[in-house]
Each structure stands twice: as C-alpha cells, then as structure tokens.
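Notes follow the structure.
Residue numbers (mature numbering (1 follows the signal peptide of the UniProt record, and there is no 0)): -23 to -1, 1 to 984.
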C-alpha cells in the first residue's frame, strides 16, 4: 500500500500536467492605429517574440492572440511603411492583457508600396511613371458591384462612363482620352497577373467580365497611365493598364468575418412627359378639336365622342417602375502559419431592380493560398469563381421593345390593360408592343460563369535573384436566351433565340528578377521575361419559333427553325520583355523598359514589333541643398515611350481578327452549283496601332505629408490607325483595311489629398482629382478630310473624335412659330440641307474628376464622395425623336408646354402643327444644334456612415469586432441635361437604362 500511494500520486500528476500547462496561458489583445491620424491599420502583424504565435489586425485594427505562455513576453508589431515597435508585457495566467499600438510612418523604410507589372513593387519615391492608386480604404467606402465602378472619379485622367444602370452592367473606361477610331479604347485589365478578355459579351444586355471580381476581395488597384508605366505590356498597352490585386492570407490565428447587407433601389432618371391634360391640349392646338376627336381618339381605340373625363390617363413612368431591393451576405477567412497562408471568401447578392422584371443574382467565391515548400520555393494559387443569373428586358436602345423607349412612344391616353385584365390592343404600335407586354411577355435571361485563376511558383535562386512563373486562366461561359411568348410574337406563335458562347484565355509567363545594392547608394533592379497568350472563342446561336405550350421553350418544342449560325475565333501573342531600374542614393531614378510582341491578328509581314520606354525622376527634397522645411517631399518626373493597340476582334471594336486576311464566301450559284468568291482583300502589311507619349510631372508632400499630391502634363500621338481605305470599283472590292491616320491627345491631371485635422479622437481628411484632355484628329487616309461615322458624328481632320456636324439652330420665328436655322452663308433658312451643317466640338468633357471627404470621431466615421463632369455635350436622341410638332405616337416632353402659340411669343419651342402645314414641319425635332445639350453634372456618388462598436461591447459578445453602417449610391445629381441620366448619356444617347439610386444598411462582424 505504501508503494501504491506514490505510484497513484505520480500517475495523477502526469495526467494533470497538460491541464496545468494550459492553465499557464493567457490572451493578448488590442488595436493597432496610425499615430498621426488615429485611423486603424488593418493587416499589421503582431507576434510574440521567440514564439510561433501571432495575429494580424483586422479591418478595424483589432488583433487577438490566444494561448500565449503566461509571464513576461516580448510583443512585436510591424506594418509595411511604419516603424516596428516592441514592448515587454506580462501575460497573466488565464487572463487577458490589452496592448494598443500607435505606429508612426517610416520614411526610411518605405513610403507607400505601388504594385508594378509582373509582380514587381516600388515605393512611391521610386516610381518614375504616371500611376494612380486606389487603396483598400477607398474601395471599402465605395458600394459598387463592379471593379470598374471603383475607378469612377477616383483616378485623375480616367474617364468612367456607366453604359447602363442595369444591375451587373459594365462601364466604358478611357485613360487619357480616346486614341483610336476603329480599334478598342478600353484599357488592359490584369487581375493577379491574369489578363482578362473582353472578347465575349452579351447580345441582350451590357455586362463586364470584371464582375467575376468581388470588390470586397480587392486589396488595391493601380492604374498605369503613361507609356513609361505601361510599355512593358507592349502591343496591348496603348489604352493604359489597370492592375487589380486581390487580398492574400496572413500568418497567424484564423480570422473570420461575416457581413450582411440589404437595401432599396429607386429610379434615378430625369423624365418629364406631358400630362394627359397637356397632351390633349397639344393635339387640339395642332389639329383642332375635330381633328383630335376624328383622327386621334379612334387611333387609340376611343370613340370620337368620348368625354374628356373618360379618356384614360396613364403614368407610364410609374407603370414600369417599382421600389427595388437588394440583399446579400458574405464571409471571409484568412490566416495560416509560417509556411502556409490562406484567404477564403464567398459572397451572394440578389438584386431586384427598380425597373419591373429586371433582376440580378450573383455568387462569388475566392481562394488564395501561399505555400512555402522550402526556404527558397513557394507557390501562390489564386482562383476566383463567379456565377450570375440576369433575367430582364432589353435595357438600352431606340427600340419599341425596350421599356424606356416604349413608354416614350406611348401617349398618356393609352393604358396597359383592359378592364378584364387583358392587354390593351390600341397602344401606339399594337398589343404586341404594349409596354406591359414588353415587361411581361419578353423574357431574356443571361447566365454567366467565369473563372479567373493562376498558379505562380517563385524560386529564390540567390539572395538577389528570383525566378517567377505563372500559368493563368480566364474562362468565360455564357448562355443567353431571349424568349417571347405568343402574345409578344403573335405572327410566329412565340420565338426563342438561344446563344452559347465560351472564351478560353490562357496566359503563361516566366521572369527573372535581380536586385542588388552597391556601396549602399546604388540600387539596381533588372527584370527579364517571356510571355505567351492564347485566346479561343466559340459562339453558336440559333432561333426557333412556334410553341404550342409556353412551358416548353426548347428547340425540340418549336415548330420551325428560323436560323442557325456559329463561329470560332482564335488569336495568339508571343512576347519577350525586360526592364532596368536604377536609383542613386534615393535621389535619382532611371527606368528603361522594352517589349517585343508577335501577334497572330495582323499581317504576315508585320506581326512583330518593339515597344520601348524611358523615365527619370529626381527627388529634389532629398538633396542636401534643399532647405524648405514645409516641403518634406518634392519629386520631378519625366517619361517617354511607345505602346501598341492590338484590341481588335472584341466588343467595342469595328475591326475583326481577320482584317489582314484574304477571305472568301459562298455566294450565288451557276447552273445549280453554289459558287465561292473572294470577299475581302488581304493586307499582309497590316499591323497594330501605335501611341507615342511624353509625360512631365511633379509629386509633392507638404507639412509632414499633411498635403500630398501630383501634377501631370502629357501629350500622346496615336498613329497607324486602322481605317478602311476606299478602292476603285474595278478592283472588285469596296475597301481595304490599312494603317492610316493619326489622333493626338494632350492634357493635365491634378491630384490632392489633405489631412485637415487630427487629434486622438477626431480626424478629417479630403481628396480631390481632376483631369483635362483635348483630342484632335491629325490625319486620315491620303486626301481624306472627313470620315462618315454616322449619327452626325463624323471623324474629321482638325476636330475631336466626338465632334458634331449639324445645322445651326437660329430660334423660333415669333411671327408664325416656325423653326429657323442658319445656312452655310449665315442666312436664315427653314429647310436646312447637308451643305448647311456646321461642326460643334463638345462630345468629350472638358474636365472630369471627383472629390470627397472623410470624418471620423472615435468609433463613428462618415465618408462622402462626389464625381463630376464638365463641358460634355450629348444628344438625347429618343427625347428628340419624340418631341415632334404634333406629339402624336409619343408621350411628348414637358417643354412642349412652352411652345409658340400666338404671334409675338418669344420661345425656343416651335408651334404645334401637323405634318404638311409648311415644308419640313418636322425639322424642329431633326438633328440640329438645338439638341446638343450640355450634359455636365455633379453627382453625390456615395455616402457611408459607419459605427465601430466599442471593445467593451464586443468583448461581452465574445467577438473581435463589429461595425454597422448605412450607405447610399447616386443620391443627388445637379445637371441641366434633359435626358434620362447624364452619367450614362454618352455623345449619342438612346434611352440607355439610367443608373439607380440605392440605400443600404449592413453589418460586418469579426468573429
């Protein structure tokens, strides 16, 4: 027994040892903020020295480290660009110690990191090209569905036009103006090193392949604007380059965040149709009482003797609109250890638009993993998957089967339904085009799946030499159906068009990156690499009609096939590139880049080209002789470079992939035998367009970077433009595509950021940017001064690419109300001809940009952002076409109430008359300078008010942190434009779906 007792005691002690060890652990928690502004620093690394444990601060700067051995420990915190801090702390057993850090910037270590091409990084002090950066904080405050939308008003010199307000729609982005007539003008987008293809696209609605990137997953966006920054992408870089970098995992305890958001969507357009009373008054004014009753009322299914009180009065705007909704949820998780770090996220969103029957549902999932296999070898895997389902009617265009056009065709005396609920048959273009039928019986649906991913090994050959490789994929699958019921297609018994398209875009590259420092002052970096890109597109479409049962819409259920068509397209790009960076004593910077490209898109004799660039920078503020204390940073930059534009064959271009080839087509027959004839003349000399660009700039920081900013001036000339040169008729061909013509862009850009006030509890900062660009056509084909581009927007030497050519409006004759114009000699005419057309510049804005402010007090923050455009001119074509003198078969616009009515009236709206009263009675609504409206605007783009729950609350809830917020998008617009929306107007606007006003409330919880 005496021996048994010690043995049992020893056994019990051994069993209790793990519990005793666990009891000797504690928790360290706290926040990491910036010392000068008090703002949180997300992503700071907090570690226990000599222990394999640590954590990264979350979006609110909070961190939490568990299982820390009790007793005295050394706590270290580090963050890129800030001084590393270290503290000795005493960790209580089974307790929690709170340690807050306020980090100060480290000018010597790093200013701000700017991501460069092919995985490179530079500090803002080392950058010698023109680059605009959008950081994570700006992204967080901007409630956008698309990465392109984040660029709006936030980067000087970048014009972003929303092509449609439809949920999930795309944007048109131009960097430093348009430099092409027929090739693409969109920039090159690169997501985590993968080049994104814009070659696919919907035929029904407008979308963007960048919808595959959840804005909440984006860490930063860099816009490479000048040739020095973008020339390393060679023949694809003439329109600028946008680098999008997603978030990565960080070593430490796994951190999980969830978010929930919901809100409302409202129509946000400017539409002012005539009321029923005013519309009837217009008809009587034009036709007389008898003409109205005998001619108009029967047209719309009403008896001539119908009392005015019994004539329908329909507000078509309200009919197609509703209070929309949006709601969604998401999560993210990141963490890892010294060898493996991961970032996971998923997001689901459902939107019911403010236009009835239009919806958008989107799912995004992302996984980013970094695995260190050895001290020298690590591999990154980044994959994003997106699927969207988009049911809705035709959104854009001057068509009676699109809702915004359809309601403008409809006068207020028609109605959507009969009393028995059936569709009213006497609308302007019959029952099948009744706006109610357009909404309910036309059912296009777009389903898209996209994968953007890459695997990237990196091997550290030596301390100064690294090999990087990448295999990237952008895969897009699109299925589009456009079904019309027998009610919408009574002649065909219903029809369905079905389209299936796939885009497979593969990019692979390999680089060697060497970086050495000599004598402590000579920093040299060399990059060499090669790249291969292959894009393959398949597109098949067919149409069927005649459905006996509306529930069966597949091809087998149709009675006949209307058409079947399909095509395949492929292009390949082989490239070699390199760059040299040299910096002397952090004062003088030189960068040289070059790229050689070979493209299958162009002629056999001109498939290869070389694109060089050079840039220099002088950090004047680092010179010993520089003494002004209030200027802490002053840098002068200059650059020159040549880039190419090979963007053909995709959406937004007028040149296909086969422009250089000799083509044949099956056409006609002889004695029953089908013949083949040449249809396009080959041009083996055809090559890409080129842009030569100069840039001069100044970067500055004042009063300890309380004021920072830059000023850029540039001039670029785009040459070898792809144009069709007419051929003599005896050649057998109408034209041939050649490299002809030049376009010049020049402008200035300004960016300013200020920290106005900062205390421990209160911070106030502002930001502003603006860009001014001038565009001019320098030459076209030999001997050609003007090129007809349609829509009264010719391309002419000496004019901008968006110049108008229309008759000059002279006003309304006060004696008889007739519209007057000036002829080519400056005399008044009532019947202008094409010879009387005059040029008007103004399709391109004079100034565009944005400004915003951020105010925070303790846990409360407010961010407001405005975007603006000044000096642009737009022609609201649908409104123009429906503002006829009589107004029949249209809703008419409210400004017709100001029409001329009697001799002596002074007005700019002609009298109401039926056609034929005098020659060209409809000239008032023909395309003239009267309709060139100023589409300048200022828009309160977004506001976000958030509140960070205090630590005392989150600790009781046993969560790391939580933030609640309310936000709004497209809230207020100041404009004199009469069209639906100046932001989506463009130069020639035809009832594009306007942007919607949005209100959201949400919560973010860090578990």
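Positions of the beta carbon are idealized from the N, C-alpha and C atoms, including for glycine. Small disclaimer: the values here were computed from a predicted structure and weren't measured.
* Compare the Cα-Cα distances from residue 167 to each of 455, 25, 248 and 485 and report the closest residue. => The residue you call residue 167 lines up with position 190 of the chain shown. Out of 455, 25, 248 and 485, 485 has the C-alpha closest to the C-alpha of residue 167.
* At which residue ranges does the stretch 864 to 925 contain complete beta strand (DSSP E) runs of 3 or more residues, listed in the order of the chain? -> 914 to 925
* To do: Just the C-alpha distance for residue 757 and residue 37, rounded to the nearest angstrom, thanks.
  => Mapped onto the chain shown, residue 757 falls at position 780. Mapped onto the chain shown, residue 37 falls at position 60. So the two alpha carbons sit approximately 56 angstroms from each other.
* **Contact set for residue 678: own chain, Cβ-Cβ below 6 angstroms, skip 5 residues either direction** => Here the question's residue 678 lines up with position 701 in the chain shown. For residue 678, where only same-chain residues beyond five positions count, the Cβ hits under 6 angstroms are 609, 610 and 685.
* Completely contained beta strand (DSSP E) runs for the stretch 30 to 82, where each covers 3 or more residues -> 31 to 33, 39 to 46, 48 to 55, 62 to 68, 73 to 75 and 78 to 80
* Using 8 angstroms as the Cβ pair cut-off and three pairs as the minimum, do the stretch 811 to 831 and the stretch 127 to 140 touch? -> yes
* List the residues that DSSP assigns as beta-bridge partners of residue 810. => Within the chain shown, residue 810 is the residue found at index 833, counting from 1. In DSSP, residue 810 forms no bridge with anything.
* To do: Return the bridge partner residues of residue 730 from the DSSP annotation.
  => Position 753 of the chain shown holds residue 730. 685 and 744.
* Supposed contact pair residue 401 and residue 417 - C-beta distance, whole angstroms, cut 8 angstroms -> Within the chain shown, numbered from 1, the residue matching residue 417 stands at position 440. Within the chain shown, numbered from 1, the residue matching residue 401 stands at position 424. The Cβ separation is near 13 angstroms, so there is no contact.
* **Beta-carbon proximity check, residue 241 vs residue 300, cutoff 7 angstroms** => As a working note, residue 241 is residue 264 in the chain shown. As a working note, residue 300 is residue 323 in the chain shown. A contact, by the Cβ cut-off of 7 angstroms.
* Closest Cα partner of residue 809 within the set 420, 905 and 236 -> Against the chain shown, residue 809 aligns to sequence position 832. With distances taken between Cα atoms, residue 809 lies closest to 905.
* Output the distance between the C-alpha atoms of residue 765 and residue 294, rounded to the nearest integer angstrom. => Counted from its first residue, the chain shown places residue 765 at position 788. Counted from its first residue, the chain shown places residue 294 at position 317. Between residue 765 and residue 294, the C-alpha separation is close to 36 angstroms.
* Is the CB-CB distance between residue 887 and residue 259 below 7 angstroms? -> The residue you call residue 887 lines up with position 910 of the chain shown. The residue you call residue 259 lines up with position 282 of the chain shown. Result no, Cβ atoms of residue 887 and residue 259 do not sit closer than 7 angstroms.
* Asked: Considering only C-alpha positions, which residue in the set 279, 286 and 425 is nearest to residue 337?
  -> Within the chain shown, numbered from 1, the residue matching residue 337 stands at position 360. The option with the nearest alpha carbon to residue 337 is 425.
* residue 124 versus residue 946: straight-line alpha-carbon distance, rounded -> Residue numbering aside, residue 124 sits at position 147 when the chain shown is read from its first letter. Residue numbering aside, residue 946 sits at position 969 when the chain shown is read from its first letter. Looking at the two C-alpha atoms, the distance is approximately 15 angstroms.
* **When 561, 581, 587 and 602 are compared against residue 593, the one with the closest alpha-carbon** => Sequence index remark: in the chain shown, residue 593 carries index 616 (1-based). When only C-alpha atoms are compared, the closest one is 561.
* **Pairwise C-alpha distance: residue 798 and residue 804** => Mapped onto the chain shown, residue 804 falls at position 827. Mapped onto the chain shown, residue 798 falls at position 821. Computed Cα separation, rounded: 8 angstroms.
* Asked: So, are the CB atoms of residue 840 and residue 921 less than 7 angstroms apart?
  -> Reading the chain shown from its first residue, position 863 is the one you call residue 840. Reading the chain shown from its first residue, position 944 is the one you call residue 921. Contact flag set, yes.
* **C-alpha gap between residue 988 and residue 491, whole angstroms** => For the chain, the structure presents residues -23 to 984; residue 988 sits outside this window and is missing.
* Asked: For residue 788, which of helix, strand or coil comes out of DSSP?
  -> For the purposes of this step, residue 788 is taken as residue 811 along the chain shown, with counting starting at 1. Of the three classes helix, strand and coil, the one that applies to residue 788 here is strand, per DSSP.
* Three-state secondary structure (DSSP) at residue 665? -> Locating residue 665 in the chain shown gives position 688, where the first residue counts as 1. It is coil, neither helix nor strand.
* Per-residue burial, residue 110 [other beta carbons within 10 Å of its own, 16 or more giving buried] -> Locating residue 110 in the chain shown gives position 133, where the first residue counts as 1. Buried, since its Cβ has 16 or more Cβ neighbours within 10 Å.
* Asked: Is residue 269 helix, strand or coil by DSSP?
  -> Within the chain shown, numbered from 1, the residue matching residue 269 stands at position 292. If DSSP states are grouped into helix, strand and coil, residue 269 belongs with the helices.
* Asked: With a CB to CB cut of under 8 angstroms and the five nearest residues on each side skipped, what residues in its chain are close to residue 394?
  -> Counted from its first residue, the chain shown places residue 394 at position 417. So the qualifying residues of the chain are 400, 401 and 413.
* Going by other Cβ atoms of all chains shown within 10 Å of its Cβ, with 16 needed for buried, is residue 691 buried or exposed? -> Taking the chain shown and counting its residues from 1, one reaches residue 691 at position 714. Flag for residue 691 reads buried.
* Asked: If you run the structure through DSSP and keep just helix, strand and coil, what is residue 384?
  -> By 1-based counting over the chain shown, the position of residue 384 is 407. Note: residue 384 maps to helix in three-state DSSP.
* To do: Over the uninterrupted alpha helix (DSSP H) stretch that includes residue 127, give me the two end residues.
  => The residue labelled residue 127 in the question sits at position 150 within the chain shown. No alpha helix (DSSP H) holds residue 127; DSSP gives it neither H nor E.
* Roughly how many angstroms separate the alpha carbons of residue 40 and residue 937, rounded to a whole number? -> Mapped onto the chain shown, residue 40 falls at position 63. Mapped onto the chain shown, residue 937 falls at position 960. Approximately 8 angstroms, taken between the alpha carbons.
* To do: Just the C-alpha distance for residue 452 and residue 604, rounded to the nearest angstrom, thanks.
  => Here residue 452 refers to the residue found at position 475 when the chain shown is read from its first residue. Here residue 604 refers to the residue found at position 627 when the chain shown is read from its first residue. In a straight line, the C-alpha of residue 452 is about 56 angstroms away from that of residue 604.
* Go through its chain and collect everything with a Cβ distance to residue 516's Cβ below 6 angstroms, but skip five positions before and after it. => Within the chain shown, the letter at position 539 stands for residue 516. Excluding positions up to five away in sequence, the list reads 478 and 544.
* Under the assumption that residue 984 contacts residue 335 (Cβ atoms under 8 angstroms), give the Cβ distance between them as a whole number of angstroms. => Locating residue 984 in the chain shown gives position 1007, counting from the first residue. Locating residue 335 in the chain shown gives position 358, counting from the first residue. In fact, because the Cβ distance is near 35 angstroms, the residues do not count as touching under 8 angstroms.
* To do: Report yes if the CB atom of residue 208 is closer than 7 angstroms to the CB atom of residue 869, and no otherwise.
  => For the purposes of this step, residue 208 is taken as residue 231 along the chain shown, with counting starting at 1. For the purposes of this step, residue 869 is taken as residue 892 along the chain shown, with counting starting at 1. For residue 208 and residue 869, no; Cβs fall outside 7 angstroms.
* Between the CA atoms of residue 117 and residue 31 - distance to the nearest angstrom -> For the purposes of this step, residue 31 is identified with residue 54 of the chain shown, where counting begins at 1. For the purposes of this step, residue 117 is identified with residue 140 of the chain shown, where counting begins at 1. Cα to Cα, residue 31 sits roughly 25 angstroms from residue 117.
* **residue 527 classed as buried or exposed, judged by whether at least 16 other C-beta atoms fall within 10 angstroms** => To locate residue 527, count along the chain shown from 1; it is residue 550. Its Cβ having fewer than 16 others within 10 Å, residue 527 is exposed.
* Of the residues 585, 591, 564 and 556, which one's Cα is nearest the Cα of residue 598? -> For this step, residue 598 is matched to residue 621 along the chain shown. Comparing Cα-Cα distances from residue 598 to each of 585, 591, 564 and 556, the minimum goes to 564.
* DSSP state of residue 86 mapped onto helix, strand, coil -> Walking along the chain shown from the start, residue 86 turns up at place 109. In this prediction, residue 86 scores a pLDDT of 44, lower than 50, which makes its location untrustworthy; the coordinate-derived value is nonetheless stated afterwards. Residue 86 falls in the coil class under three-state DSSP.
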